[in-house]
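2 protein chains.
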Amino acid sequence: MGMKPARSSCPIASTLEVIGDRWSLVVLRDILLRGKRRYRELLDGPEAIATNILADRLARLEEWDILHKSRDPEDRRQFVYTPTGRGLDLLPILFQLVRWGLKHVEGTEVPVPRARLKDERALERTIRARFAPVR
Amino acid sequence: MGMKPARSSCPIASTLEVIGDRWSLVVLRDILLRGKRRYRELLDGPEAIATNILADRLARLEEWDILHKSRDPEDRRQFVYTPTGRGLDLLPILFQLVRWGLKHVEGTEVPVPRARLKDERALERTIRARFAPVR
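Chains as they are written, first to last, in our numbering: chain A, 254 to 388; chain B, 254 to 388.
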């Protein structure tokens, strides 16, 4: 699936139409930064996403060609979700959300050493390499 | 108002709790990037935000110390909204949303020359300087 026409010509409003809800970005965080791939793994997080919301957001993200859904090679009855190139291009947005949260919201922390966050480009390359075989 | 404790220790989830809805970021785009300051100006956009949503989001953004509300010096019966330091720190998130939208959503464009977007730090400095007298 290619690009879809935007309702607004503003790139911010258009991007927010795709990923501009809290849950989509939390799901993408789990897949891109926490290595989760399966529905069951995604359901199991501290934010306690509801099953219907998770199913809806996964379907939307697949429809927007941000996630790719495929059979789980370890269990053919299950599916795994992996990011497409468009999905990986959301990494800088996630990094900026991390940065703002760490600076401005008390009690937030990251599970990776802060030094790694300093070189966001290197971190992005590492994450992209992890998903390289997908497409 | 200082920082508020986070419900989740994840900086992404915490940031999204503050600005993780489409309209908050559209309002911030109008104030930070389009020079809008007044309720009436914010109401008047291509995305046609509803009055109750606009009022709610402005109140939330003020409560979170992202926007500062003050009397309009040109008309003391009105108010103007300007970004605080925390609000200005959202600029890199907006820039990344622009970048993703321009690359992946057909029909999007920016009202500034694309060359200016290439140097995001310089653009950020220019915008920060514009709001410098606020706090």
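Glycine included, every Cβ here is placed at the ideal spot set by N, Cα and C.
In three-state terms, what does DSSP make of residue i?
| i | result |
| --- | --- |
| A:Val358 | coil |
| B:Thr337 | coil |
| A:Lys322 | strand |
| B:Asp309 | helix |
| A:Arg329 | strand |
| B:Asp297 | coil |
| B:Asp283 | helix |
| A:Ser277 | helix |
| B:Arg352 | helix |
| A:Ala303 | coil |
| B:Arg369 | helix |
| B:Met256 | Because B:Met256 sits at a pLDDT of 49, beneath the cut-off of 50, its placement in the model cannot be relied upon, and the following sentence gives the value as read from the coordinates. Three-state result, B:Met256: coil. |
Determine, for residue i, whether the minimum Cβ-Cβ distance to residues of chain B falls below 8 Å.
| i | result |
| --- | --- |
| A:Leu295 | no |
| A:Val280 | no |
| A:Pro336 | no |
| A:Glu362 | yes |
| A:Glu373 | no |
| A:Val387 | Low confidence applies to A:Val387: its pLDDT is 47, below 50, so where it sits in the model is not reliable, and the reading given next is rough at best. Taking Cβ atoms only, chain B never reaches closer than 8 Å to A:Val387, which makes this a no. |
When you measure from the CB of residue i to every non-hydrogen atom of the ligand MG, does any distance come out below 7 Å?
| i | result |
| --- | --- |
| B:Val271 | The ligand MG is absent from the structure shown, which contains no ligand whatsoever. |
Below 8 Å on the Cβ atoms is my contact criterion, and I expect residue i with residue j to pass it. Report the Cβ-Cβ distance as a whole number of Å.
| i | j | result |
| --- | --- | --- |
| B:Glu359 | A:Ser261 | Not confirmed; about 12 Å, so no contact. |
| B:Thr304 | A:Pro264 | With a Cβ gap of about 26 Å, B:Thr304 and A:Pro264 do not count as contacting. |
| A:Leu314 | A:Val351 | Not a contact, Cβ separation roughly 20 Å. |
| B:Leu418 | B:Leu296 | With chain B running from 254 to 388 in the structure shown, residue 418 of chain B is simply not present. |
| A:Gly298 | A:Asp283 | 6 Å |
May I ask which residues mark the beginning and end of the alpha helix (DSSP H) holding residue i?
| i | result |
| --- | --- |
| B:Leu343 | Premise fails: B:Leu343 is in no alpha helix (DSSP H) and is neither H nor E. |
| A:Ala266 | 264–272 |
| A:Ala382 | 373–384 |
Does any residue of chain A bring its CB to less than 8 Å from the CB of residue i?
| i | result |
| --- | --- |
| B:Pro264 | yes |
| B:His321 | no |
| B:Arg369 | no |
| B:Thr379 | no |
| B:Gly288 | no |
| B:Thr304 | no |
| B:Gln331 | no |
| B:Arg310 | no |
Counting only beta-carbon atoms, is residue i nearer than 8 Å to chain D?
| i | result |
| --- | --- |
| B:Glu316 | The structure shown contains no chain D; its protein chains are A and B. |
Touching by the beta-carbon criterion (3+ pairs, under 8 Å), the region 314–321 of chain A and the region 334–350 of chain A: Yes, they touch.
Given 8 Å, three or more beta-carbon pairs between the region 321–331 of chain B and the region 342–349 of chain B: Of all C-beta pairs linking the region 321–331 of chain B to the region 342–349 of chain B, fewer than three are shorter than 8 Å, placing the two stretches out of contact.
Given 8 Å, three or more beta-carbon pairs between the region 264–281 of chain B and the region 275–285 of chain A: These segments touch.
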